[in-house]
Amino acid sequence: MEKIVIKTGDSVSEILVGAGWEMVHELLPESGVAILTDRNIFRIYGDKFPDFPVFQVDAGEASKKIRVVESLAGELLETGIDRDGIILGIGGGVVCDLAGFLASIYMRGIRCAYVSTSLLSQVDASTGGKNGVNLDGAKNVLGCFKQPEFVICDPEMLETLTEEEYHSGLAELIKTALIGDRKLFELIENNRAGISRRDPGLLSMCISMAVNFKAAVVTEDERETGLRRLLNFGHTYGHAIEMYKSYRHGYAVAAGMELASRFSLSRGMITREEFERIKDLLNSYGLLPGHDIPDDEIIHLIMKDKKKSGNDISFVFLNGIGKAVAEKITVKEAAEFYIQSKTDK
Ligand code: GLY
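The number in this note's numbering is simply the position in the sequence shown, starting from 1, with 63 added.
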């Protein structure tokens, strides 16, 4: 097991990669714990959960709503969870986002921790303290930063993910490799069979590389005023595609990464060979679904992105594989490139 520490302000968050998830029993206090999970996770692992009250939500993005947070807060209150309590999220990105958001506002803030059960949440969503809910389909518009006390990332839990959930997580892993770690990109590129059969040793290595990169970024820039923006690579178009097509997050981000790589190529920031390698890797996991957003819709969808500031957007380009840079461009430029790219294919 590797322990990766993220220190921000006055909080310390420990990410435990490669640990068996049952170690959570040793990390919890004797009382004051509420467990938040989804119905799928509860069906698979519920009988091994620590013996505390469990609150279940429906699996999927539709649960990331303020109404769900309100109803969970009422249940916590009824159960007697007070300011010394802790919310343990056992689940993927949706559960961790909800648990973190609820913990940050319940009684003006209580502690939280996660057992992160999906690849997407292990390599990205559960670390770094971002949480939130959606508003009328606009992603994560209500939210805040709250670091979990610990996050357990057990690669053996990834065995029970559906192919679609697993591949969706691979997209975020590939994103981290593209923006910050060329060696990770080559590891994924050269070990496609092992990645496809979910080899726990290989996955542990990949998750650890991704979390180490993210920990360094978040330690330097928790509130996303600079470096952390790079983690949004692929997300400008990705969120638009996710809103329009209702794809799983990773699939939409993968499509967004293909577009952002194409944009980087058009500016001479990556070579044609690098672009083809990126596309080939995404394609090999079936990660490039179609997304023909009508020309008059794309600008409105990009306008809903919370990274927008006035008419500008901080857009992440690649500067070779393993390096990225955020540049201000107008929403109009981003929309025009999308429209033009339809004819380039
Ligand atoms: N998922 C992007 C971030 O944590 O900043």
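Every residue gets a Cβ at the ideal spot worked out from N, C-alpha and C, and that includes glycine.
Extent of the continuous beta strand (DSSP E) to which Leu381 belongs: 375–381
Closest Cα partner of Cys159 within the set Met170, Glu138, Ile98: Ile98
Through-space distance from Asp358 to Cys175, alpha-carbon basis: 43 Å
Closer than 7 Å: Glu124 CB and nearest ligand 1 heavy atom: no
Beta-carbon gap between Ser377 and Ala389 smaller than 8 Å: yes
Length of the line joining the Cα atoms of Asp188 and Met272: Looking at the sequence shown, residue 188 is not Asp but Ala. Each residue's Cα considered, the two are about 15 Å apart.
Test item: CB-CB of Val379 and Val274 under 8 Å: No, Cβ-Cβ distance for Val379 and Val274 is not below 8 Å.
Start and end residues, alpha helix (DSSP H) containing Gly206: Going by DSSP, Gly206 is part of no alpha helix (DSSP H) but of the beta strand (DSSP E) stretching over 201–208.
Contact check, Ile439 vs Val87, beta carbons under 8 Å: Outside the shown range of the chain, which is 64 to 408, sits residue 439, and nothing can be said about it.
Limits of the beta strand (DSSP E) - the one that Phe118 falls within: 117–120
Thr71 in three-state terms, based on DSSP: strand
Alpha-carbon spacing of Ile356 relative to Ile304, whole angstroms: 7 Å
Phe213 - partner residues in DSSP beta bridges: Glu77
Option in Glu124, Ile270, Ala162, Asp199 with minimal Cα separation from Phe208: Ala162
Local conformation of Asn197 per DSSP, three classes: Looking at Asn197 - three-state DSSP - the assignment turns out to be strand.
Continuous alpha helix (DSSP H) stretch holding Arg106: start and end: 102–108
According to DSSP, residues forming a beta bridge with Ser179: According to DSSP, Ser179 bridges with Gly154, Cys216.
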